[in-house]
Each structure stands twice: as structure tokens, then as C-alpha cells.
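Asks: Under the working numbering, residues -13 to 130 are what the sequence shown spells out, in order.
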Amino acid sequence: MSDQNRPLTQTVDGQAVATVADDHSVPTTVSMSIKDLVASYTTISNYLNSRWPLPDGNQRTFARTMKIMEELGELSDEILTSMNLSRDSKIAKFSRENIEDEFADVMACILLLGIELKIDVEAVMRRKIQFTHERYDMDKSQKN
Ligand SMILES: [Mg+2]
């Protein structure tokens, strides 16, 4: 499949699953729950905290927040490049995988901030999905 046509996500039995590049040595589809993601990134967080120790939680929270901004900038840059709104040299090197990688970096940094803030990611996402359904009266409008 050409890089431009590869979907950002795939589904298995109607469930979204992670996708990876065809040339990676890991399985092409791996179902992963939020709990699995948080567990993986808790391990990474522990490594980062030992590799680059900061004196307290406030400084770790600040650093994690700044990393989100950094990675969001990189994702924005790749999206601009995908729209040919970048330097010719960047456009020439563009790959859809660049957007996927930067999207994953943003997600990873958000998870790392959530771990630092001891946020129950699954619980708050369930709450927000419910809130969004109620705010837009989605359950009622889907029945019509
Ligand atoms: Mg990045």
C-alpha cells in the first residue's frame, strides 16, 4: 500500500487498533487498551524520571507540559508539510509516517503528563465522552 493511501487507523472486528509501518518487525495490528498504554508509559515515565531527574512534581509537570507543546509544534509542522505549506526541501522528504509519528509523540506526552498528575485517564475519558454526548444531545439526535 502506498504511503499516501495508508489509513491512520485500522479496525479489527469494528475496534480501532494501532497501526505501524509495513516495514517494522512488530505485528502490524496490536489491540491496546488505555490501561495498556498507561502501563507502558508509566514504565517510560519512571525511566525518564531517573534519566533526567527533577527536584519535584511541579518541575516534572512543567517539563511534561512543555514537551506537549514541543511535540504539538512538530505535528503542526508535518501537517503543514502535508499541505505543501512548507519549504520545498521538507515537502520532498514528506511521508505520511511522519504525521503518524508526531501524532504518537503528542499522545505519548499527554499520557506522560496524565501519569505525572495521577489522572485516571480511562475514567476521565469516559466522563468526557458522556459529557459530549449529553452536551450535544447525541443520543437523542441519533435516534431521529
Ligand atoms: Mg516528535
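Heads up, the beta-carbon is just placed ideally off N, CA and C, and yes, glycines get one too.
#1: Got a sec? Which residues, its chain only, sit under 7 Å from N84 by beta carbon, not counting five neighbours each side?
#2: Any idea which residues DSSP pairs T132 with across the strands?
#3: Excluding the 5 residues flanking I96 on each side, which residues of the same chain have their C-beta closer than 7 Å to its C-beta?
#4: Span of the alpha helix (DSSP H) holding K114?
#5: Could you tell me whether any non-hydrogen atom of ligand 1 is closer than 6 Å to the CB of D63?
#6: Note the first and the last residue of the continuous alpha helix (DSSP H) segment covering L99.
Replies: Checking against the coordinates, here is how it stands:
#1: E64
#2: Residue 132 is absent from the structure shown; the chain starts at -13 and stops at 130.
#3: I54
#4: 107 to 121
#5: no
#6: Residues 82 to 102.
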